[in-house]
Structure formats: C-alpha cells, structure tokens
C-alpha cells in the first residue's frame, strides 16, 4: 500500500517573504488562500509553532451560523456564511458542510423577547431567521424535551435554517492544499519569538529556525495573540481562557440539527461520524494550559440532560480544551496595529470557526491594501478608545 | 479543578470562587481617552506568572490576590 498523496509540501523557510502569517489555523490558512486567490499575493509563508490546524481549529464544535444581533456582526458573519455555501466547490474538497439548521432555545420571557428581536434584526440584515413556538420546536427537533414539566421549559426558539456544521479538519486541509498549490509555504514547528522593526515598521520576524524578512506580518494566532503583541510592544484588550468541549461515543443518527441554549447553557450537534458534540462556556480564569476544570464539563452535561433526557445513558468519549482570546465586547479585532506593517486578526473568542472564510477574506484584503476591508472597519482596535464597541455579549445568541 | 488557598478559609475548591482578573488596576479618573481605554479594557495576558484577584463568593466573601501560573495553574500567595 502506498501513502496517499500529500496535501501540501513541507518546505524549509526561505529568508524573505512579502507576507508572513503567524499561525496556521483556520483563519491563517484562509487568509493565505484569499491573499493568493483574490489579490495575487503568493510570496507568503504561514508559520505554525505546532502542527497545522492543531489549535482551536481542531478543538471547536464546528457550528456555523450568522444570526448575530448587531449590524456589523451580522454583516461579517453573513459574508462568511455565504462563502461557506460555495466553499466545498471553491476548494474542490468535500467539507461536509451541512445546513441542518441552528436552534437557539428560549426558556424564559427575556429569552423570548431577545429571540424575537434578534429574528427581526437578522431579517432586516438579510440573514434568514425564523421564530418557532414551543410546539414548532418539538416538531423541528423531536428529541428536545419541550414538555411543560421541564425545569426550564422551552418557550420557543430562533431558527436559522442556513446554519449548520462542517468537518473542521477537511476545512483546514482543503485551505492548506489550495494555498500550497498557489506556492505559499506552510511551515510547521516554527515559533515566532520576536519582531524586528525599523522606525516603527516591522521588517522581519525572529523564529526558532532563524530570521525571516517580511514585507508585512499578519497575526492569526488566536489565544496566543497577546503573547506576540507583547513581543511587538503594544497592549491588547484580550484575555485568554480555556474553552472546553466534549464528544460522546458514536450513536446512530438521533439529532439532525444544532441546538443551542443560553439559559441552560450548552450547545449540541451530532457529527457525521455519529458522536454528539457539546460545548458551553469558558473557564473563567486566564489560562494557556489547553485544559479546564471538570466542574465546567459537569455543568454542560447537566444542561444537555435537561434538554435531552434521551441522552441520559450516553457515555462521554473524550473532553478537551483550547485557548480562546476573548475581547471586552466579545467581537473580533481586525486591522492595523500600532506597528506599521503588522496586522491583527484576533479576539474571535468562542466563535471563530464559523468565521473562517469570512475572516480570511477580509483579513487578506486588509493586508493586501494596507487598509481595512469595509466589513472589518468597525472591528478596528481603535474602537476600545473611541468607545464604538460592538457589544455582542449577550446579544450574539450565545453566552460567551 | 483548582484548589485555591483563601487567606481566611484555607484551601477550598475552585467552584466556591469567582474570578476577578488582573490585580492592581487603579481607578484613574480625569484622564484622556487612551488612558481611559487602558483602565477599562487593556489587561495583561501573560503566558506565565499572573497577578490576579479571586473572590470567595460561596464562602467568606473575601477578595484577595494571588500569583498564578497561566500554564501550570500553580498558585503562590502575593509576595
């Protein structure tokens, strides 16, 4: 038996590139891909301190949706969702993108009001959204406990039918294969340890495998962005937290949509392979440990059983943690930094996977033109000084 | 789960506490927008030792500071 064809080369770093992207996760790879595809910039290296797509790209719960409340968020996430809808064809790879619908359950009057308001806001922004009454929720997702006897009864739900899930590894591999085919160097096991600057302009990165000159440097390092920014000498309003998720043993198909609940606080979907994939909130303290506490897992399993009594005897197969960079308004930071030629794309916190193609698209534009993409303008770092926050805490249909 | 050494109650389970973030952020009234943004939003986020606050919410309700390593989660009292 021969080894299957490699999807990308494993090149040695060259001494200089036009653009160096730090981080070969989903966002870094998507940025590389769109730099080449949309802007013809191919003298690019993507540097990864671990292995390709082994951080949050390997650890998320793969939920894709765009039903955010605020205009700025709806615009960028909807742009991303539209890209998802063509991405398998575009990348010539089956991403197992499945638009099976995302339910956000309401369990109290405040949830109902918030949900209805968000449905209306979404529709005004061209994002598909529906309000389901409790009996309609029951019809759409029969395994949810929508009975009156539940401790936190389901009073209704928002539904985004175009939302769903995708196979995260396939997304990373497909983006990597295409970026590599454009001649972009994807280099693993290389850590950026510092930046060289001349008159406040970045000129090179120092790495564990030597110095690499760079016309521009683009951070796409998620939970480790603060560490890199500190080396470049500027502060960020980010805090890195553990975010845990878990999967059950493999089951026959039982849940054919994504169910999220803020009030009970868990989100559940069933992966193509058959395991239930669950996640919830962050561990509250700062950490780079890629692990969290068991009581957080216990709370999300309790929430899952509240919603799905049918899962009471399902066994947990595996739990894990990633490091998410959370911003004060739970919205990303995209754009320029205080250092010329050094760009930031961070702060996606607990919800970056859904944004993968949209983030790469606007970030590539921002890097190529030295000017933020129109969709990225509101997400500039300056908003924390001007006060023009995009406050998705509690507005984003999920508790962060 | 971390075992957190409350200065009043001694070592207790993490879920008795709530997290207070970076310690030593002084209130700075009457400053320009940049300094105000710094006070409100900019926080250290080190990979390593971090000076932070905890609140024994389900205990004696004492606020206190510790140094904790953000990779190993090892804690030591404020020096």
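Residue numbers (this note's numbering), protein chains in the order written: chain A, 3 to 402; chain B, 2 to 80. Glycine is no exception: its CB is placed at the ideal position from the N, C-alpha and C atoms.
According to the Cβ coordinates, are residue i and residue j closer than 8 Å?
i	j	result
residue 301 of chain A	residue 282 of chain A	yes
residue 403 of chain A	residue 194 of chain A	The structure shown does not extend to residue 403 of chain A, since chain A spans only 3 to 402, so no value can be given for it.
residue 339 of chain A	residue 383 of chain A	yes
residue 392 of chain A	residue 374 of chain A	no
residue 147 of chain A	residue 73 of chain A	no
residue 21 of chain A	residue 220 of chain A	yes
residue 269 of chain A	residue 63 of chain A	yes
residue 20 of chain B	residue 36 of chain A	no
residue 278 of chain A	residue 316 of chain A	yes
residue 70 of chain B	residue 52 of chain B	no
residue 181 of chain A	residue 9 of chain A	no
residue 1 of chain A	residue 145 of chain A	Since the first residue of chain A shown is 3 and the last is 402, residue 1 of chain A is not available in this structure.
residue 172 of chain A	residue 98 of chain A	yes
residue 93 of chain A	residue 176 of chain A	yes
residue 289 of chain A	residue 109 of chain A	no
residue 403 of chain A	residue 107 of chain A	Residue coverage of chain A in this structure runs from 3 to 402, which leaves residue 403 of chain A outside it and unanswerable.
residue 56 of chain B	residue 64 of chain B	yes
residue 134 of chain A	residue 261 of chain A	no
residue 233 of chain A	residue 185 of chain A	no
residue 321 of chain A	residue 346 of chain A	no
residue 387 of chain A	residue 38 of chain B	yes
residue 291 of chain A	residue 72 of chain B	yes
residue 330 of chain A	residue 239 of chain A	yes
residue 378 of chain A	residue 43 of chain A	no
residue 368 of chain A	residue 337 of chain A	yes
residue 354 of chain A	residue 29 of chain A	yes
residue 13 of chain A	residue 192 of chain A	no
residue 161 of chain A	residue 88 of chain A	no
residue 43 of chain B	residue 237 of chain A	yes
residue 54 of chain B	residue 22 of chain B	yes
residue 3 of chain B	residue 306 of chain A	no
residue 5 of chain B	residue 18 of chain B	yes
residue 48 of chain B	residue 129 of chain A	no
Give me the Cβ distance between residue i and residue j, rounded to the nearest whole Å; I'm assuming they're in contact under 8 Å.
i	j	result
residue 90 of chain A	residue 166 of chain A	About 13 Å; that fails the 8 Å criterion.
residue 46 of chain B	residue 242 of chain A	6 Å
residue 187 of chain A	residue 376 of chain A	That belief does not hold up - the Cβ atoms of residue 187 of chain A and residue 376 of chain A are roughly 30 Å apart, past 8 Å.
residue 308 of chain A	residue 266 of chain A	5 Å
residue 45 of chain A	residue 19 of chain A	5 Å
residue 356 of chain A	residue 65 of chain A	6 Å
Would you kindly report the start and end of the unbroken beta strand (DSSP E) that includes residue i?
i	result
residue 263 of chain A	260 to 263
residue 218 of chain A	212 to 221
residue 243 of chain A	241 to 252
residue 322 of chain A	318 to 328
residue 331 of chain A	From DSSP, residue 331 of chain A is part of no beta strand (DSSP E); its letter is neither H nor E.
residue 5 of chain B	4 to 7
residue 14 of chain B	11 to 14
residue 283 of chain A	277 to 284
residue 76 of chain B	76 to 78
residue 158 of chain A	158 to 162
residue 50 of chain B	50 to 56
residue 20 of chain B	19 to 23
residue 69 of chain B	64 to 70
residue 271 of chain A	268 to 272
residue 382 of chain A	Where residue 382 of chain A is concerned, there is no enclosing beta strand (DSSP E), given that its DSSP letter is neither H nor E.
residue 206 of chain A	203 to 209
residue 24 of chain A	18 to 24
Taking Cβ-Cβ distances shorter than 9 Å, what residues in chain C pair up with residue i?
i	result
residue 71 of chain B	Note that chain C does not occur in the displayed structure, where the protein chains are A and B.
Which residue comes first and which comes last in the alpha helix (DSSP H) that contains residue i?
i	result
residue 371 of chain A	358 to 371
residue 236 of chain A	From DSSP, residue 236 of chain A is part of no alpha helix (DSSP H); its letter is neither H nor E.
residue 387 of chain A	385 to 388
residue 346 of chain A	It is not in any alpha helix (DSSP H) - residue 346 of chain A instead sits in the beta strand (DSSP E) that spans 344 to 348.
residue 301 of chain A	296 to 309
residue 40 of chain B	34 to 41
I'd like to know if the segment 63 to 81 of chain A and the segment 351 to 368 of chain A are in contact, where contact means that at least 3 CB-CB pairs between them fall below 8 Å.
yes
Taking three-plus beta-carbon pairs below 8 Å as touching, is the segment 316 to 334 of chain A in contact with the segment 55 to 71 of chain A?
yes
Runs of alpha helix (DSSP H) wholly within the segment 98 to 141 of chain A (minimum 4 residues, chain order)
For the segment 98 to 141 of chain A, the continuous alpha helix (DSSP H) assignments of 4+ residues that do not extend past its boundaries occur at 111 to 126, in sequence order.
Do the segment 115 to 128 of chain A and the segment 62 to 72 of chain A meet, that is, are 3 or more Cβ pairs less than 8 Å apart?
yes
What runs of the alpha helix (DSSP H), each 4 residues or longer, lie entirely inside the segment 168 to 200 of chain A?
170 to 183
I'd like to know if the segment 247 to 267 of chain A and the segment 201 to 214 of chain A are in contact, where contact means that at least 3 CB-CB pairs between them fall below 8 Å.
no
Would you call the segment 15 to 35 of chain A and the segment 222 to 229 of chain A in contact, with 3 or more CB pairs under 8 Å?
yes
What runs of the beta strand (DSSP E), each 3 residues or longer, lie entirely inside the segment 40 to 81 of chain A?
46 to 49
Across the segment 165 to 181 of chain A and the segment 197 to 208 of chain A, are there enough close Cβ pairs to call them in contact, namely three or more that are closer than 8 Å?
no
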